[in-house]
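Going by full-length UniProt numbering, the first residue of the sequence shown is number 1, and it counts up by one from there.
Input: a single structure, listed below in structure tokens.
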Amino acid sequence: MTDFETLQQHQRRLHRCRRCPQMHGPPVTGEPVASPVMLIGQAPGNREIELHRPFAWTAGKTLFGWFERIGLAEESFRQRVYMAAVCRCFPGKLAKGGDRVPARKEIANCKSWWQQEVELIQPQLLIPVGKLAIGQFMPVNKLNEVIGQRHRVEVEGKVRDIIPLPHPSGASTWHRTEPGITLLNKALQAIKRHPAWKEISTEY
């Protein structure tokens, strides 16, 4: 893992990033915490841009409710887990409603930021949240095929543990219906048992 000052310097560079003209900034990221656990979301919404923190609105309440079930309430989680994302700026709204999915070039432009964070922090456990985030590390056709398991994947030159989670969006029914309910619980229990989580959890 790296030190606080190095992460601060990295984040200052990140906050100045303006690579994607169609994206709405400023870039959002979590606290500069050197943690054995890294969460990788998809992209912030407009509320996250206003509040300058990831998962700051409705989906965040659901997400942090999941983590509280396995030993970390929201503020403790924010202080002990490094929170990254596939894209750090808000993609904007679609005309028909909902957030625009980032373009391939926008995803590629932002990739170097989380890659640098993996290299700096050397996390033991990666938690990608949502299909876009999961897809950065492994092929994903259906969530049923990847959630509920621990995967060993080479990321930035080292094999790491990845335990994916569904996106906690209120628009999604996957995590509120079967088999999503059971698979989500299996994923959370796998996270809870992981040595990196035990290192930071209040339950241990």
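Heads up, the beta-carbon is just placed ideally off N, CA and C, and yes, glycines get one too.
Computed from a predicted structure; not experimentally measured.
If you draw a straight line from the alpha carbon of residue i to that of residue j, how long is it in whole angstroms?
i: Gly-98; j: Gln-122; result: 34 Å
i: Asp-161; j: Pro-26; result: 31 Å
i: Leu-184; j: His-24; result: 31 Å
i: Gly-71; j: Phe-77; result: 9 Å
i: Met-138; j: His-151; result: 9 Å
i: Gln-136; j: Val-86; result: 8 Å
i: Ala-34; j: Pro-179; result: 35 Å
i: Asn-109; j: Gln-42; result: 14 Å
i: Arg-100; j: Asn-144; result: 24 Å
i: Lys-192; j: Arg-47; result: 29 Å
i: Cys-17; j: Ala-171; result: 30 Å
i: Arg-80; j: Ile-200; result: 6 Å
i: His-194; j: Pro-102; result: 31 Å
i: Arg-12; j: Pro-32; result: 10 Å
i: Gln-9; j: Met-38; result: 18 Å
i: Asn-141; j: His-167; result: 15 Å
i: Arg-69; j: Thr-62; result: 11 Å
i: Ile-163; j: Ala-190; result: 7 Å
i: Phe-64; j: Phe-4; result: 24 Å
So what does residue i bridge to, in DSSP terms?
i: Ile-127; result: Leu-39
i: Arg-152; result: Asp-161
i: His-24; result: Phe-90
Am I right that residue i and residue j are in contact with their C-beta atoms under 8 Å? What's the rounded C-beta distance?
i: Leu-120; j: Thr-6; result: 6 Å
i: Arg-88; j: Leu-165; result: Actually they do not touch by this definition, with Cβ atoms about 19 Å apart.
i: Ile-49; j: Ala-84; result: Actually they are not in contact, since the Cβ atoms of Ile-49 and Ala-84 sit about 16 Å apart, beyond 8 Å.
i: Gln-124; j: Pro-36; result: 5 Å
i: Ser-169; j: Ala-59; result: 5 Å
i: Ile-134; j: Val-153; result: 10 Å between Cβ atoms; not a contact.
i: Trp-66; j: Leu-188; result: 6 Å
i: Lys-186; j: Gly-148; result: 4 Å
Could you tell me if residue i is buried or exposed, where buried requires 16 or more neighbouring beta carbons within 10 angstroms of its beta carbon?
i: Thr-29; result: buried
i: Leu-94; result: exposed
i: Ser-112; result: exposed
i: Val-159; result: exposed
i: Gly-92; result: exposed
i: Glu-106; result: buried
i: Ser-52; result: Reading the sequence as shown, one finds His at residue 52 and not Ser. With fewer than 16 Cβ atoms within 10 Å of its Cβ, His-52 is classed as exposed.
i: Phe-90; result: buried
i: Glu-156; result: exposed
i: Pro-128; result: buried
i: Glu-117; result: buried
i: Lys-131; result: buried
i: Ala-73; result: exposed
i: residue 239; result: Nothing about residue 239 can be read from this structure; the chain reaches only from 1 to 204.
Check whether chain B comes within 9 Å of residue i, counting only Cβ atoms and requiring the distance to be less than that.
i: Pro-168; result: Considering every chain present, this structure includes no chain B. It has just one protein chain.
Going along the chain, which unbroken runs of the alpha helix (DSSP H) with 4 or more residues stay wholly within the region 40-128?
-> Taking only runs of at least 4 residues, the alpha helix (DSSP H) segments lying wholly in the region 40-128 are 46-51, 58-69, 74-80 and 104-121.
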